[in-house]
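*Asks:* After the structure tokens below, expect a handful of questions from me.
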RNA sequence: GCUGAUAUAGCUCAGCUGGCUAGAGCACCUGAUUCGUAAUCAGGAGGUCGCGGGUUCGAGUCCCGCUAUCAGCUCCA
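In the working numbering, the protein residues as written are 5 to 617.
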């Protein structure tokens, strides 16, 4: 991804890779390392590991010089760079990062050697006796010996690896400052965390910073405002999205596409109420397990809860009439609006909200049907993901320690999930013990434009709710049996999915989803009638268009139209009216061409068809 | 929820260490202009400076509380 550095730095060896993959630095192997692969300074994963870890230490050294009372916890390398957690009496803000960077650059110029020595753990405990954070680190180290790295006056307990001296650490950038719980424990003290990124060469750093800029440009919150898709209102409440006309058009198109694909796959639409008596939630277990996330209220002395999930509605509809084995598998689906009281700090545009709509379905089936049903759902997921060009990965989560149901059923269900994926030639990871208490599941994770992973689709096998609600069917031998319930969502939620779509396409939605698919720009006012005529034809064909015929210059209206990122901007003037044609600016092809109005309509209808799943 | 930061017109932002009627660009309204592929000109209107307290002769500016947003942490579709 990043350009290979071409400069002499590649001659500098900063460590060795052992056959087992372990990295040793030059401090640990001053004589070299026999049978090891040398690691030249560069952008290989191993070199970056060393580089970034050392940059983290360099940052700590700079922070110590600027804030002498700073105490350090840990400073690891992570996917997107490195960070260091620490505590100081002074508050550190974004504007202080420059100061720290400056100090780091001074230290780089000095080319301070980075030395390593090893002491007994007990010695280390004594050495850092006044530093409770280091004591916490030491408590987590099982070995009897610990290593310490020293650069100038700065020393830190560390396993390494590090570069030989600070002069090799030119290309870095501190990216943000934030708080982080000590040891990741919500109830523990909060430390200051500074994040940074480092590369072996300047070009790669530049590329990375450009990528971050691009991510900002694609941010669905920014695009959502620019394209007038959705909004929030401070007085209405946090995490409660409003869909504006263009956003609602986009969403409605997605809903319709998905609705058809559900019907074609044999799903029956159902709809449950938004609010149910709290006793229902007690029976389901939500009240106990999920209660703090639920919105509860009292009506006529009865406690009610706004639904955080749609399962109960579907179960009650199933139970309303007797079911036979002939009815199974029975697939109920609903665009279910749910409310969950998410913590205020986690709300994030449309990606994390308090009211959202799931493309939810519950499939009631026999244990034998689990496998084919799951296979069908996975194929459905794959078709949808392919339609939008998403990369995704899947994970099977197996039986957790606290679980209900006997092992044999768990085994059958888990095996069914695995086989379904294997037979579909799909790869998956295993999250051992990560299942829900009622059954194993497959999670579908989409990778978005910035490389973030989002859990969207999910397929869960549930033996619990059928039991709790006494759900039954009559089998061929006239005995009453318990069906299995499969909970599944393909998109996850329309809100989150549309956020990801927006960033994925950078606001340039494919034709079949675009809120406005065509913008007409009549050259002069007398051409508006022709534009209106075409616009109405389009609406008949299910295509949304707008006419930009305000009293502005032609250039300005074209500019405004282009800024909407619509697939087609159509210019019409005397020539077009005369020949019943259109002059098209095609955003996808980045071309301009003329064709007859009829041919254009045909082209658009064909493109609408591309939206079918 | 926690840590830190931010909140000025519909949007993006000025407004120095508290000092007379709070500025700009875009958007909006009116008029002129009717144009062949990314910003025509002129005029106008629009803000109890997020909300509520406090300090002060005087608060957009300082302090406290609340609300919302942002960066993370913890959690999740």
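Ideal Cβ positions, reconstructed from N, Cα and C, are used throughout, including at glycine.
Whose C-beta lies closer than 7 Å to the C-beta of residue 70 among residues of the same chain, with five residues either side of it excluded?
*Replies:* Counting from 1 along the first chain, the entry for residue 70 is found at position 66. The answer, listed in chain order, is 103, 104, 107.
*Asks:* Could I get the ranges of all uninterrupted alpha helix (DSSP H) runs contained in the stretch 247 to 334, with 4 residues as the minimum, in chain order?
*Replies:* Entirely contained in the stretch 247 to 334, the alpha helix (DSSP H) runs reaching 4 residues are, in chain order, 249 to 268, 282 to 288, 290 to 294, 315 to 324.
*Asks:* In the DSSP assignment, the beta strand (DSSP E) including residue 118 goes from what residue to what residue?
*Replies:* Position 114 of the first chain, counted from the start, is the residue given in the question as residue 118. 118 to 124 is the span of the beta strand (DSSP E), which, as asked, contains residue 118.
*Asks:* Excluding the 5 residues preceding and the 5 following residue 615 in the sequence, name in chain order all residues of the same chain whose CB lies nearer than 6 Å to its CB.
*Replies:* The sequence position of residue 615 within the first chain is 611, counting from 1. Correct list, in chain order: 261, 516.
*Asks:* Are the stretch 550 to 559 and the stretch 579 to 596 in contact at 8 Å, needing three or more beta carbon pairs?
*Replies:* With a cut-off of 8 Å, the stretch 579 to 596 and the stretch 550 to 559 do not count as touching, because too few Cβ pairs lie within range.
*Asks:* Just mark residue 5 as buried or exposed, buried being the case when its beta carbon has 16 or more other beta carbons within 10 Å.
*Replies:* Within the first chain, residue 5 is the residue found at index 1, counting from 1. In this predicted model, residue 5 has a pLDDT of only 36, less than 50, meaning its place in the structure is not dependable; the value taken from the coordinates is given anyway. It is exposed - the Cβ of residue 5 has fewer than 16 other Cβ atoms within 10 Å.
*Asks:* Is the stretch 223 to 238 touching the stretch 132 to 139, taking contact as three or more C-beta pairs under 8 Å?
*Replies:* Taking 8 Å as the limit for Cβ pairs, the verdict is that the stretch 132 to 139 does not touch the stretch 223 to 238.
*Asks:* Going by alpha carbons, who is nearest to residue 344 out of 295, 435, 305?
*Replies:* Stepping through the first chain from its first residue, residue 344 is reached at position 340. It is 295.
*Asks:* What span of residues does the beta strand (DSSP E) with residue 586 cover, start to end?
*Replies:* Residue mapping note: residue 586 aligns to position 582 of the first chain, counting from 1. First-last of the beta strand (DSSP E) with residue 586: 585 to 590.
*Asks:* Thinking just about the alpha-carbon of each residue, which of 165, 111, 480 is nearest to the one in residue 53?
*Replies:* For the purposes of this step, residue 53 is taken as the residue at position 49 of the first chain. Minimum Cα distance to residue 53 is reached at 165.
*Asks:* For residue 439, which residues of its own chain have a beta-carbon under 6 Å away from its beta-carbon, when the five flanking residues on both sides are left out?
*Replies:* Stepping through the first chain from its first residue, residue 439 is reached at position 435. Once the five neighbours on either side are set aside, the close Cβ partners of residue 439 are 401, 402, 403, 404, 445.
*Asks:* Skipping 5 residues on each side, what residues in its chain have a beta carbon closer than 7 Å to that of residue 33?
*Replies:* Here residue 33 refers to the residue found at position 29 when the first chain is read from its first residue. Around residue 33: 20.
*Asks:* With DSSP collapsed to three states, give me the class of residue 357.
*Replies:* One-based indexing of the first chain puts residue 357 at position 353. Residue 357 falls in the coil class under three-state DSSP.
*Asks:* Going by other Cβ atoms of all chains shown within 10 Å of its Cβ, with 16 needed for buried, is residue 26 buried or exposed?
*Replies:* Numbered from 1 along the first chain, position 22 holds the residue referred to as residue 26. Per the 10 Å Cβ criterion, exposed.
*Asks:* For residue 462, which beta-bridge partners are listed by DSSP?
*Replies:* Taking the first chain and counting its residues from 1, the one referred to as residue 462 is at position 458. Paired residues: 447, 493.
*Asks:* May I ask whether a heavy atom of the ligand ZN can be found less than 7 Å away from the beta carbon of residue 397?
*Replies:* In the structure on display, the ligand ZN does not appear, and there are no ligands present to speak of.
*Asks:* Once DSSP output is grouped into helix, strand and coil, what is the label at residue 133?
*Replies:* What you label residue 133 is simply residue 129 of the first chain in a count that begins at 1. Three-state result, residue 133: coil.
*Asks:* Looking only at its chain, what residues have a beta carbon closer than 8 Å to the beta carbon of residue 12, apart from the 5 residues adjacent to it on each side?
*Replies:* Within the first chain, residue 12 is the residue found at index 8, counting from 1. The pLDDT assigned to residue 12 is 47, lower than 50, so where the model puts this residue is not dependable; a value taken from the coordinates is nonetheless given after this. Excluding positions up to five away in sequence, the list is empty.
*Asks:* Cβ atoms of residue 68 and residue 203: under 8 Å apart, would you say?
*Replies:* Residue numbering aside, residue 203 sits at position 199 when the first chain is read from its first letter. Residue numbering aside, residue 68 sits at position 64 when the first chain is read from its first letter. No. Outside cutoff.
*Asks:* In the DSSP assignment, the beta strand (DSSP E) including residue 549 goes from what residue to what residue?
*Replies:* By 1-based counting over the first chain, the position of residue 549 is 545. Looking at the DSSP string, the run of the beta strand (DSSP E) that includes residue 549 is 549 to 551.
*Asks:* Just the Cα atoms here: how many angstroms apart are residue 574 and residue 524?
*Replies:* Here residue 574 corresponds to residue number 570 of the first chain, with the count starting at 1. Here residue 524 corresponds to residue number 520 of the first chain, with the count starting at 1. Their Cα atoms are separated by approximately 5 Å.
*Asks:* So, with DSSP's three-state summary, where would you put residue 350?
*Replies:* Mapped onto the first chain, residue 350 falls at position 346. Of the three classes helix, strand and coil, the one that applies to residue 350 here is helix, per DSSP.
*Asks:* What does residue 433 pair with, by DSSP beta-bridge criteria?
*Replies:* Taking the first residue of the first chain as 1, we reach residue 433 at position 429. For residue 433, which the question treats as bridged, DSSP gives the partners 399.
*Asks:* Grab the span of the beta strand (DSSP E) containing residue 195 for me, first residue to last.
*Replies:* To locate residue 195, count along the first chain from 1; it is residue 191. First-last of the beta strand (DSSP E) with residue 195: 194 to 203.
*Asks:* Could you name the residues of the same chain whose beta carbon sits closer than 6 Å to that of residue 251, not counting the 5 residues immediately before and after it, in chain order?
*Replies:* Reading the first chain from its first residue, position 247 is the one you call residue 251. Hits under 6 Å: 233, 234.
*Asks:* For the alpha helix (DSSP H) holding residue 425, just list the boundary residues, first then last.
*Replies:* In the first chain, counting from the first residue as 1, residue 425 sits at position 421. Taken as a continuous stretch (DSSP letters only), the alpha helix (DSSP H) holding residue 425 covers 411 to 427.
*Asks:* Keeping to the same chain, check which residues put their C-beta closer than 8 Å to that of residue 297; ignore five residues upstream and five downstream.
*Replies:* Walking along the first chain from the start, residue 297 turns up at place 293. Around residue 297: 312, 344, 345, 346.
*Asks:* Quick check on the burial criterion: 16 or more other C-beta atoms within 10 angstroms. Buried or exposed for residue 461?
*Replies:* Within the first chain, numbered from 1, the residue matching residue 461 stands at position 457. So residue 461 counts as buried.
*Asks:* Thinking C-beta only, is residue 178 closer than 8 Å to residue 284?
*Replies:* Translated into positions along the first chain, residue 284 becomes position 280. Translated into positions along the first chain, residue 178 becomes position 174. Contact flag unset, no.
*Asks:* Here's a check: name, in chain order, each residue in its chain whose Cβ is nearer than 6 Å to the Cβ of residue 425, leaving out the five neighbours to either side.
*Replies:* Taking the first chain and counting its residues from 1, the one referred to as residue 425 is at position 421. Counting only Cβ-Cβ distances below 6 Å, and skipping sequence neighbours, we find 432.
*Asks:* If you follow the beta strand (DSSP E) that residue 231 is in, where does it begin and where does it stop?
*Replies:* Numbered from 1 along the first chain, position 227 holds the residue referred to as residue 231. Residue 231 -> no beta strand (DSSP E), and no H or E assigned at all.
*Asks:* What are the boundary residues of the beta strand (DSSP E) that includes residue 405?
*Replies:* Locating residue 405 in the first chain gives position 401, where the first residue counts as 1. It is not in any beta strand (DSSP E) - residue 405 carries neither H nor E in the DSSP assignment.
*Asks:* Who are residue 54's beta bridge partners in DSSP?
*Replies:* Taking the first chain and counting its residues from 1, one reaches residue 54 at position 50. Its beta-bridge partners do not exist; DSSP assigns none.
*Asks:* Got a sec? Which residues, its chain only, sit under 7 Å from residue 224 by beta carbon, not counting five neighbours each side?
*Replies:* The residue labelled residue 224 in the question sits at position 220 within the first chain. These residues qualify, in order along the chain: 353, 354, 503, 506, 507.
*Asks:* Report the three-state DSSP secondary structure of residue 482 (helix, strand or coil).
*Replies:* Here residue 482 is taken as the residue at index 478 of the first chain, counted from 1. In this structure, residue 482 counts as coil in the three-state DSSP scheme.
*Asks:* From this set, 173, 519, 197, which residue's C-alpha is nearest residue 110's C-alpha?
*Replies:* Locating residue 110 in the first chain gives position 106, counting from the first residue. Out of 173, 519, 197, 173 has the C-alpha closest to the C-alpha of residue 110.
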